Each structure stands twice: as structure tokens, then as C-alpha cells.
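Let me begin by presenting the structure, written as C-alpha cells, before commenting on it.
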Amino acid sequence: MARVFLSNDMMSGTGGLDVVTIDAPRVHELVRELVARYPRLNLEMFDRLAVAIDGEIHNDPDYLPLKSDSEVHFVPRIAGGR
Amino acid sequence: MSTRHHFEYVGTRPIRHDGVDKVTGRAAFGADFSLPGMLYGAVVRSPHAHARIVSIDTSAAEAVPGVKAIVTGRDIPKTNKKVWLGGEGALDLGDMGDNALAHEKVLYDGHAIAAVAASTLEAAREAARLVRIEYDVLEPAMTLERALAADAPILHPEMTTGGKPIPGATGPTNIAARMEIKRGDVDAGFAEADVIVEHEFRTPMVHQGYIEPHATVARVGADGRIIVWTTTQGPFLVRDACAGILHLDAANVRVVPSEIGGGFGGKIPVYLEPLAIVLSQKSGRPVKMVMDRSDVFRATGPTSGCHIVMKMGAKRDGTLVAASASMWYEAGAYKGSPYGAAAMCALACYNVPNFFVEAYDVVVNKPKVAAYRAPGSPMSTLATESLMDELARRLEMDPIELRLKNAVATGDHAPYGPKYGPIGLRQVLEAVREHPHWSAPLGPNQGRGVACGFWFNGGMNSSATVSLDSDGSATVVTGNPDIGGTRAAQAMMVSEELGIPVERVRPVVGDTDTAGYTDLSAGSRVCYATGMAVIRAAEDVREQLRLRAAKIWKIEPDQVVWEGGQARSLVAGDDKQPLSVSAIAATLAKTGGPIVGRASLNAPMAGPAFAAHICDLELDRETGCSKIVRYTAIQDAGKAVHPSYVEGQMQGGAAQGIGWALNEEYIFNAKGTMENPGFLDYRMPVASDLPMIDTVIVEVANPSHPYGVRGVGEVPIVPPLAAVANAMRSVTGIRFGQMPMSPPRVLAETTTRREEPAVAMSS
Amino acid sequence: MSAIRYEAPTSISEAIRLMQADPAATVMAGGTDLLVQCRAGVKRPSAFIDIKRIADVMSVAIGPDGLRLGAAVCAAELSENRELRQLWPGIADAASLIGSTQIQGRGSIGGNLCNASPAADTPCSLIVNRAECLIAGPAGERRVPVEQFIVSPGKTVLGPGEFLVAVHVPLPRASTSDAYLRLTPRSEMDIAVVGSAVSLTLDAHGVCSDARVALAAVAPTPLLVPDAANALIGSRLDDAAMTRAADAASAAAHPIDDKRGTIAYRRQIAGVLTRRAAAIACRRVKGGY
Amino acid sequence: MATDVSRIHVETTINGEPVEFLCEGHDTLLMALRDAVGLTGTKEGCSTGDCGACSVMLDGRLVPSCLVLAPEAQGRAVTTIEGIAKDGKLHPLQQQFLQHAALQCGICTPGFIVAAKALLDVNSNPTESEARYWLAGNLCRCTGYDKIIRAVLDAAAETQKVTV
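Those protein sequence lines, which keep their order, are chains A, B, C and D. Just so you know, the first sequence maps onto residues 1 to 82 in our numbering. Just so you know, the second sequence maps onto residues 1 to 763 in our numbering. Just so you know, the third sequence maps onto residues 1 to 289 in our numbering. Just so you know, the fourth sequence maps onto residues 1 to 164 in our numbering.
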């Protein structure tokens, strides 16, 4: 079961809950499970978020695999200047 | 991923491939491109900071001899498309299009309203002057205070606050978004603190200050195919943005990047490109448009001015226990300041068990901000590192000791959530302590400051091809304009993988039709992410070479290994001489034809970069004039591929930060007009303002990259504001929260404000 | 837009004729202010009358009568002139502070005067040396003290058909020297927030027998400050006298608030720079540099 | 808009070669070099004399070509970045800029090299401070000037060695 840490913006959709555990093979399934559990979250908002899987931040993580003990963080996407 | 430790080419300092063209004047930058039969464009810009456009009359302009086409907002229906390239909602194409050409309202001094193409530049300018615009002038919101006031002039009546809702907020607002990040229990944390420091910080809007103005040539062919030659950090973004804004099929748009004369984030958005395309569509002729310097200042994307209130608490032994911050960042005329990154960077250097940070994205009647080197971080870091300096003084602790005590290390959680992988902040801080600068004596009227800085470093999409020629030389093509020597680094990577001399590798910046899709030259990502694609493409070539060797030797492929830049046979008792790249290359036609290696990837964000800078400042107490007398920049680069260009990034970022700290600022008058849109009064540092900038490259390998590379380009601008402010604190006894620390401000503060309880630095 | 004509007369009389024929024409020396103003659309002359092909306005001559400085001689040529530097180090100071090396390769003393900016560097250094403007015009030549040449920002005493040919600076008396200092936020490539020029004469006993003080960027025109000079005259340039001169300079300054500095700041700096410039001039009289 | 009849015919010398071009009275030398003559090595950064990117030498004196009128070039000698390398051999300044990595984006480089050449012409052995003040009219936003100043000082040392 991956431990999933929600971003602050997402917490209004989960009633303040900030950590959930989800069993999912990939981020794609994980996100759908989240939306199914918390209908106030919507798929569109995930476009604005990056996902850190075990410390490595990905902008387009949909099909990246998750380990059973992965730590997953949703964080705002960052662009840079140089 | 395993990281290499032995290198033949990486870490050396070859002469860059584009160097000779650049020292002899042959390199072609944006404005150097011309086409036969070309028209010249000129832009009509708003003299008002906030006004409704009542009418536009182009009849007099059309009558000017030589005028061939005029474009106004009416020609381009507003789009609602978005491109989530950079995140933070920064790339809303509707906003970008409205910024390129105003539709209903002008939102800042310099906002483009119309553009003219004519057979001479003079005719185009004359016609632009004759475009008659009737305005309904509105009160501008020029400051955060005014923009946030209950009766503030509203820029976008339809705008609502995104992100984390503001409790109790209703009605029209200038707050485009809000975010929070938090950990633990802040009140309990502060209750535990033995020392609490709090201060307010303000920084003005500042510009990247690249020396090359924006320049574009667009040509629309009779078949509808569009080619845009332009100076940009992202040709693919220009293609997609122009297509989106102008309702075109991106498949018909080709963007060819010129050499780029500096960007620092400012050459990511499109400004002239859509106008030039429409003018070319209307006239049937190529159209060239070049900004002048005042256009660049008034109407491109500087970075946010901001207001930050921050508080930090520590135990007597220096352990941080709590921090809180509220920050308001100016987005300019449209949503999308770097408020999110600012909030996430503020505490990224330290383990703080309890914190609450909130950040607001606020629209004001100033140019829409663009990225500027580590966007958002220099300002919020000014706050954190100033308070760390105050804490060190209150605690009578060495500032490096205090930082080391709280510094994040591998496995610690970043304030924005995830755990850090291998990072180098501690090594950087130890390098500061060991550097002779840190213990050097100071002269009279001199003060020393130190500050740390953090930046994420980007990843994203990159493609590369490596083509091997029969003479054993190679061409590497990527889609990243080369801002600071990345071509040389890419060639070195090919050399490293194939064992051929750097001079025998030709690095080429492709265009959108000749290179595979590649994201921006931004986010400190080129050497890291595109570099990774280059390495993979070279590995692909190497694998093909190995197979050719097997074919030549008529043995099984698994009997051939690649070692020391050569193919070797593993067949026992075999006396075959190893085959070099050039030996195999000479047989290409006979062994199966040309070899092209390719790779494309979507890289995760590079390992975070940490830096620390030491600044010695000398103050003329009678005039408030200060001079930086010694400066040292120390940074974890992961692995420096071409150390000279890594040092160059560190020195350049430091110089920009020093300018920001001491003299640079946008000055607006009461009407909202920019008063200093030129290099004379927008005071960037000149050669005689700066000392040599010493550099130390720390190398803590980034495990996400085969060589351990981290991005290097952005973090150098993060520490300087605080390093200079801390040096100023040390010499004046006064904490400056407001930038720039220009002579009039320094003299006013030092003559009117009481010194704060000053404790001498222990070094 | 009709093209702007370019004329390059080779004599003063030809230049006057051209100007009389076309009142909308403008004289150009180095062009470092003029061309910037034209580009910004502030000025739109019908013609540029480039005076740099007139030998008389392009020469520097130091004789028994003093210095005759052609109006179009570029600033770099002044600071490179050793004799000039020795006799009027303050004028050389000012010339070497204008803009950048590149600007100094173009910008002239005449242009610096005719642009009539309150912040100009060289006028003050000329004023303290009692320099005069030599003006040519349809009615012949006339001389005007530099402090009277600039009337208001951007405006001089030049009438129709007239132009500045040269500046005349009398030879300094014995035991006389000068200095010019300015304050800019950057070390170079900037515009004076305040400038101060001081000329001093000492008698055989080391007492200041004559002094002139002029300030830049603290009034609509370069400002001669007799009160500051009087504070120095009769003193041995001791701290008390220096402080009185500084106070007088601050009191005389009536600057404006603008993007480059505040009223309070400019007043205060006018005093600081006057004291420092006086100290340099004094050191120079005594043989130091 | 053919206005060639009113245009001014200028005969000048550029990098040692006689050159003729047509221009308007208000055209700058920078525009003439770039557009009429086709020498685009001289760059436009501001057109107000504040950045040094357009530096050229006019009769041996360093000037901002954006503040020189094109017709002024009549009968004068202009040296641009394209004339600094001689006979296919890079000038020591150009060589040192490459060695020191004294350029990143490279837009300011032609102006710096021309200005530094003008410095070495009048002061063959400048101090760091002299080099910094002389070059204060050339803006660079990428390098922080460190490597540029080192390149200029090393080029001076190299030139001295050659002349000794």
C-alpha cells in the first residue's frame, strides 16, 4: 500500500485528511482511486500537480509504477527561469 | 541508476563549439536575421496603466505610404486554451494572447494594442504613431496594498481566487490564487521557542535584463506554412503558443530558434511572434519585428515585486522550532506569479518541525511577470536567511553553525512534502567554513554576510539524436537553444560515451521540424535532462557500433563488448585487434548503412541544488553608497560537466542578485507609467561595480543522472539578496527588509533608525 | 516620416547660414544626448548640422590667455590631455565621469552645456573656473559666463542662428586647483544624483584667498554657491570651515524628488561632496594629486 | 517607398576595406553597418548608448555606433568586430575570451572585444581596476564580468609578451 501525502489544496476535497494509503500499481490507478474515494477531487486538478515518488518529482507520472511501500507526494508543478 | 565516477572528457574545459563565431561577430542572433522583401513591424503601446479601449481608428495609419498591414485585437479572437507546460497556471494562452495584443482593456503601461507592418521601419513607426485610440482611463492598482484594498480597482472582474480558498472572501478580487503549506503545530512551536525573530520584507519588480531585445521574423507561405525565426528559450513552446493564440494548426508552424542573447526565463512567453505571423498573413510578405529597450522593460515579463512577513523561532541551542510566513507576490497584469515556488523554497534549507506558510498571487497594473532564474525563491529566501542571520546574532551563534545545526540532509522531508534524495547543503556549508574568505579579516566600514539558497531544478521532455559519419565524427542535435554553453556540454557527453574527441562532435540546435520535441531551455534542465537524452542517444550509437563489430568479425553480438572507446572480441584465443569508432565508422556503408542514435525521455526533476554565498560589503557612511569588495559563491552542482560554464552560471547569478539587492528596481509614477525603462536608470551592475566572484563547486552526485549532474543555472541567484542584506546588517547594525538597498535608502535608514541589538559576527 | 537631412559644414559661417536657412534644424556635436532624444521622439529636427568638420570647434588650445576648448571636442580628448589635466584637474575629473568610455568618445563639452541638463557634469567644473561660452551667430561673436549660459532645464541663451563654438577658461592663478565629484549609485555609467565642483586658491600662508563652489543636480540649472565659497575664503580649510562650506552647500541646494534621488538625500550629499571636493582641491594645490 | 534619390552616398573604410553605402540622414552608423553593409556582428542592445553592444572604433576611438550618424562615416575609418581577427588568425583577446569561457550567451561579446581592443591600444598593461572602469560601458548580464576581466588581462599579458 503506497502512502499518499496530499497537497494542501487537495485537502479541502478530502475533508482535511492529508495522508491516505492506496494500493495501486501506477499513479494512473492511484489518482482514479483517490477521485473515486473523494468525489470533491477532480481529475483536472491533477494536471496542475507534480508527483514525487520516493523523493523523485515527476511532472507526468501517470504510468510510472509504484512499489508496495512507495511514498507518494502531490506537489505543485514548478517551472524555472534558466 | 548507478553514477559514473571516472571521466575522460566530463570535467575538462574545452573551447565551446559556437565560440569562434561568437568572438568574431558571425553568430546570428534574433535581430541578425533578414529575408528578401521583408516588411518591418512596429507596435502601438498603451500609455495608460489601466484603461478600457473605447475605439481604435487605424485609417490615418493605413494612409501612410508603405504600410501593408495592421493588426488589432479584433483580428484575433480570444482563446481559452491552456498549456500546462510550466505549471502554476502561468501559461494560460488566453492571457498570453491578450497580453500580446489587448482586447477589451489595457492592463499596464506598454501593453500592446496594435501592430503595423510597412516597407520601412520609419514608415511602420510613423503609422504606429498615427493609430488613434480612445481610452476610458481607469485607476490603476500599482501596489499590492492598493490591489488588496476593499475598494481596489479590479483588473479582471470575472476572476476568482484559485487554490486554497480564502475564508470569508466574496466578490471581485485581484487575488488570483492562494496556497498554504504547513507542518506540525505552529503555535505550539513558537511557544517552545527561546528566541523569536520577525521582520517584514519588500522587494520591487525587477527585470532579467538580457542584453538582446526580443526579435522575430515570420513568413507565411502561399501554402499556409508558417516559419518563425525567433530568439526564444523554447521553440516548441513558441510553436504551440502561437498556434493556440492564433487558432492555427501547430503542424503548419515551424519555429527556428536563433542564437539567444540571454533569457533567464524572460524569453519563454511569446510577445512579438503572434503579431508578426498575423502581419505576414495579411501582407503576404515576411515581417520582422524587433523590440527596443524600453519595450523590453515595459512590456515583457520581469519578476514579481513582493511583500513578505515572516517569523522564526529557535531554542537556545539553535534548534529551529517554528516558522510562519505570509507572502504576496505581484503577478503583473495576469495571474501567475511564482508564489507557489516562493512558498515551497522559503524553508527548503532547514528542518523546521512546525511551520505555516501562505502565499498569494496578486494581479496589479504592471507587466505580466515571467520566469526569472529560480522564480520566487530569491525573495522568500531573503526573508528566511535574514531571519537566520538575526537568530544567529540573538543566540550569539556562528551563522554557519546555526545553519549546519538545522540544515536538511538526505532523507529529511522537504517542506513541500517529499523526502530529499542525496543533497549537498551540509557539504556546501562546510565548504563555506573552510573557505579562506570566511575567516579573512574585514577592513574598516566593511561587513560580511552569508546566506543559503535552494532551487528544485527541472526535468521534463527532451529528445536527442547522434549521427555518426563515416570519418568517425558525430553530430548531436537537440531542441534546446544554447543560453550558456550547453552545446559544449552536450558534445562532451557524446565524447564521453563514444570516446571521440570533443572537436570531432558537432552540437547543433535544431528547430521544431528537425529536432524531436524538447521542452524549454529553462529550469536548469538542459545539461541535466537533455544531457541525459544525449547520453542515451550516444549509448544507442555505441550499441549499434558493437553490432557492426560483431558483423565485421562474424561472431555473435554477445561476444563483443565495448571497452575504453573500442569494440573488443570476447572469443577465447581470438587475436582480433579492437575496433575503434573511426575504424567501424569507415565501414558503415558496407556493414549496413549510416548509424543514427536517438533517445527521448521525460525526466523527473533534477536533484535539488543548494548554494551558499559569502559577501563582503564596504559602506560609505556619509553617502549610503556601498561596494561589494569580496564575494564567494559555493554550490552543489552534482557533477560539473564543463566547470568553466558552471562557474559562469554561479558568477552571473550572483551578479544579478547583487544588482537586485543594491540598485535594480522598476520605478512607476503615480499614473502607473514606468519611469526608468532604460539601462541608464535601471541600474544593472557594471564591471566596475563588482569584484572577482570566487567560486567553489561541490559535487554531490544526483542519482537520477548517469553522471550525477544537477541543474546549476538558477540557484546562484537565490542567496545574494540575503547575503548582501546580512553584510549590510553587519556594517550598519540595521536590518534592511526593503530592496534595493540603494544609497538614498541606506542613508535615510542609517540616519533615522536606531541600531538593532547588534552582536558581532563570531568569525 | 520625412527624412532628417544631414549637413556637415566646414566653417562657422556656413553653419550659421544653414541654421538661418532652416530654423527647425539642430546643431549636433557628439550627439549622445541629441540622438537619444530624437529616438525617444522628444525632438524631431528637420536637419542635423554636424559641426565636427569645423576645425575651430574641434581643437583644444592652451596658451597664455588660457584654455580654448572647441565645443565639439569629445570628453575623452580632455581627460587624455596632460596639460589640461594638470592645470584644471577638476575639468578633467568631470570629463572622465560622463557616461562610459564609449560616450566619452563622442560626447562633447559643448553638447554637455547645450543639452542644459541640471545633472550635467562638466558645466559646474567650468563655472568654478570662471569659464565663458564663445557663441557665434548672425550678429557675430559674443561671450557669456558659463553660469549664465543655461537658463532652465533644456534651455540656453542661444538665439536663432547662434551656436556654441568654444569654451574659454582663463589660466588658473598661482596656488590654485580644483576638483569635481559626483554621486551615482553605480560606480560608472550613471547620471549624477548630485555633483559638486570646487576651485580653491591659497595664499603664501596657506590661507584660502579665493574659492568657487558649484553644484549639479540640486537646482534647475548648475548652481554657483557663493555662500559655500565664502565659508572657505579666509580659512585654512580646517574642519570647521569645511563643515560651514558643506552646510552652505546643503542650504543652497533646492533639488526635486525624482527617480534618481530625494530632496533630503540630495541636500545632504551636496554638503558631503562639497567638503570632499574641497579637500581634494586643497590637496592638489599643495602638490598632491 | 523608394526614396533613394534623397539618400546620402557615403564612402568610408570599414576594417581596412573601402566601402560605399546609401543611408538616410538620420540613420545611425549601427543601422548602416547592420542593414546596409551587412555586418551584423555589431549588436543593438539599447540604441541609447547605455549598453556598449554596438561598440566600434571610429578613427581609432571607441564609440557607441548607435549614437553616430551613418553619414558621419564619410572619409573615416571604422573598425568593427569583424575586423579584429587578422588574416584568419584570432586576436589574443578573442583567443582569451574562448579560453576563459568569458562568454555565455555571447550577445555582448563583440562589443566587449572591440572595447577591450581599444583599451589595449592605449594601455597595453591595464590593472584590473583600469580594465573594469574602461569596460564599465559594456553591460554583460550572464558572466558577472569575472571571466571577461580575466580574459582581457591575460590577453594584455600575451600581447606584451609578443611585443617584447
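Note that beta-carbon positions come from the ideal geometry of N, C-alpha and C, so glycine has one too. Please read all numbers here as calculations on a predicted model, not as lab measurements.
Using a C-beta cut-off of 8 Å, the segment 69 to 84 of chain D makes no contact with the segment 96 to 104 of chain D, since fewer than three inter-stretch Cβ pairs fall below that distance.
At least one CB of chain B lies nearer than 9 Å to the CB of A52 of chain A.
Contact of T32 of chain C with chain D by beta-carbon distance below 7 Å involves G49 and L67. Here L135 of chain D is buried, its C-beta having at least 16 other C-beta atoms within 10 Å. For the pair G453 of chain B and M728 of chain B, the CB atoms are not nearer than the 9 Å cut-off. Residue contact with chain B for I14 of chain D: absent (no Cβ-Cβ distance below 9 Å to any residue of chain B). Pairwise C-beta distances place the segment 457 to 477 of chain B in contact with the segment 593 to 601 of chain B, as three or more of them are shorter than 8 Å. Judged by DSSP secondary structure, L232 of chain C falls within the alpha helix (DSSP H) whose first and last residues are P226 to L232. The segment 216 to 226 of chain B makes no contact with the segment 338 to 347 of chain B, as fewer than three CB pairs between them are under 8 Å. Nearest in C-alpha terms to Q37 of chain C, of all of D:T42, D:C66, D:V114 and D:Q104, is D:C66. Taking 4 residues as the shortest admissible run, the segment 25 to 78 of chain D contains no complete alpha helix (DSSP H) segment at all. Within 8 Å of the CB of M19 of chain C, no CB atom of chain D is found; the nearest one sits about 16 Å away. The beta-carbon separation of Q104 of chain D and I483 of chain B, rounded to 7 Å, stays under the 8 Å limit for a contact. Chain-order list of chain C residues neighbouring T623 of chain B: L183, I269 and V272, by C-beta distance under 7 Å. At a cut-off of 9 Å between C-beta atoms, Y6 of chain C does not count as an interface residue with respect to chain B. Assignment of A72 of chain C by DSSP, reduced to helix, strand and coil, places it in the coil class. Taking the CA atoms as reference points, M142 of chain B sits about 46 Å from C133 of chain C. G15 of chain A is outside the set of residues whose beta carbon lies under 9 Å from a beta carbon in chain B. T732 of chain B sits in a helix when the DSSP states are folded into three classes. With the criterion set as a beta carbon lying under 7 Å from some beta carbon of chain B, the members of the segment 106 to 130 of chain D are G106, I107, C108, T109, P110 and I113, in sequence order. Per DSSP, N461 of chain B lies in no alpha helix (DSSP H) segment; the continuous beta strand (DSSP E) that holds it begins and ends at M460 to L468. Judged by DSSP secondary structure, V746 of chain B falls within the alpha helix (DSSP H) whose first and last residues are P743 to T752. Only S119, T120 and A123 from the segment 118 to 146 of chain B bring a Cβ to less than 7 Å from some Cβ of chain D.
The Cβ atoms of R284 of chain C and P89 of chain C sit closer than 9 Å to each other.
Within a 10 Å sphere around the beta-carbon of K286 of chain C sit fewer than 16 other beta-carbons, which makes this residue exposed. Looking only at B:Q577, B:S462 and B:I555, the smallest Cα-Cα distance to A537 of chain B is reached by B:S462. Contact between A151 of chain D and I211 of chain B is absent: CB atoms are separated by about 18 Å, not below the 8 Å threshold. For C452 of chain B, the enclosing beta strand (DSSP E) begins and ends at Q446 to W455. In this structure the segment 38 to 57 of chain B does not lie against the segment 238 to 254 of chain B, because fewer than three pairs of beta carbons, one per stretch, are closer than 8 Å. The Cβ of D121 of chain C sits no closer than 9 Å to any Cβ of chain B. The Cβ-Cβ distance between R40 of chain A and N59 of chain A does not fall below 9 Å.
Around the beta carbon of N112 of chain C, 16 or more other beta carbons lie within 10 angstroms, which makes this residue buried.
Bounds of the alpha helix (DSSP H) holding E497 of chain B are T486 to L498. A check of alpha carbon separations from V51 of chain A across A:A36, A:R26 and A:Y38 identifies A:R26 as the nearest. Of the candidates B:S742, B:S470 and B:I226, B:S742 places its Cα closest to the Cα of E664 of chain B.
Judged by DSSP in its simplified three-state form, L520 of chain B adopts coil rather than helix or strand.
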